[in-house]
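Input: a single structure, listed below in structure tokens.
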Amino acid sequence: VLIGMVQVMLPFAILPIYTTLLGLDLDLLRASAICGARERQTFAKVVLPLTKHGAGVASVLVFVISLGFFITPAILGGPQSAMISNMISTEVTTFYNLEGGAVMSVLLLIVTLCLLFVAGKIGSIAAHYRK
């Protein structure tokens with residue numbers, strides 16, 4: 008199931024990172040090389056700090072999309088590796104437990120909002136120190 012999810016989610020992760028890399032100023036890389044930095048040092052000290060924002064956006068995007076994964080885990084994993092969306096669907100459609108499905112949905116929403124709030128705070132703190 009994990010390999011299938013990675014295969015589906017990888018393009019959603021690559022696009023924000025690729026866009027960030029396109030906006031990278033090549034003069035910074037040249038300046039790093041002129042100052043005597045090796046390729047690994049340039050990557051660690053120049054490229055990574057400038058692309059952290061794109062990686063953060065990619066991780067939040069993939070996380071939010073993965074929450075609603077329904078078909079891929081159902082096809083690849085079956086009932087033993089059900090995701091939260093599959094469990095909510097089973098509660099509502101198979102057991103006709105609307106209350107249980109609603110509780111699970113609200114808990115998923117609360118956890119998601121808390122994680123997005125934390126990700127936003129981390130991003131705003133990092134932006135504050137960049138100024």
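In the numbering used here, the protein residues as written are 8 to 138. Note that CB positions come from ideal geometry on N, CA and C, so glycine has one too. These numbers come from a predicted model, not from an experiment.
Integer-rounded CB distance, given that residue j should sit under 8 Å from residue i
i, j, result
"F76", "S96", "Going by Cβ atoms, the distance from F76 to S96 rounds to 11 Å, so no, they are not a contact pair."
"M16", "V99", "25 Å between Cβ atoms; not a contact."
"G84", "V8", "4 Å"
"T49", "L36", "6 Å"
"A126", "V67", "5 Å"
"M111", "M94", "7 Å"
Member of the options whose CA lies at the smallest distance from the CA of residue i
i, options, result
"Q14", "L31, K52, G108 and S73", "S73"
"V118", "V71, T101, I132 and Y103", "V71"
"P23", "T49, F102, Q87 and A65", "A65"
"I10", "L114, C42, S88 and A38", "S88"
Assigned exposure category for residue i - 16 Cβ within 10 Å defines buried
i, result
"P80", "buried"
"G61", "buried"
Proximity test, residue i beta-carbon vs the ligand ZN heavy atom, cut-off 7 Å
i, result
"L9", "This structure lacks the ligand ZN, and indeed carries no ligand of any kind."
Could you tell me which whole alpha helix (DSSP H) segments of length 4 or greater appear in the stretch 37 to 75?
46 to 49 and 55 to 74, all fully within the stretch 37 to 75.
Determine, using beta-carbon pairs with one atom in the stretch 46 to 59 and one in the stretch 27 to 38, whether at least three such pairs fall under 8 Å.
Because the criterion of three Cβ pairs below 8 Å is met, the stretch 46 to 59 and the stretch 27 to 38 touch.
Could you pull out every unbroken beta strand (DSSP E) segment of at least 3 residues lying fully inside the stretch 81 to 118, listed in chain order?
Counting whole runs of 3 or more residues, the stretch 81 to 118 contains no beta strand (DSSP E) stretch at all.
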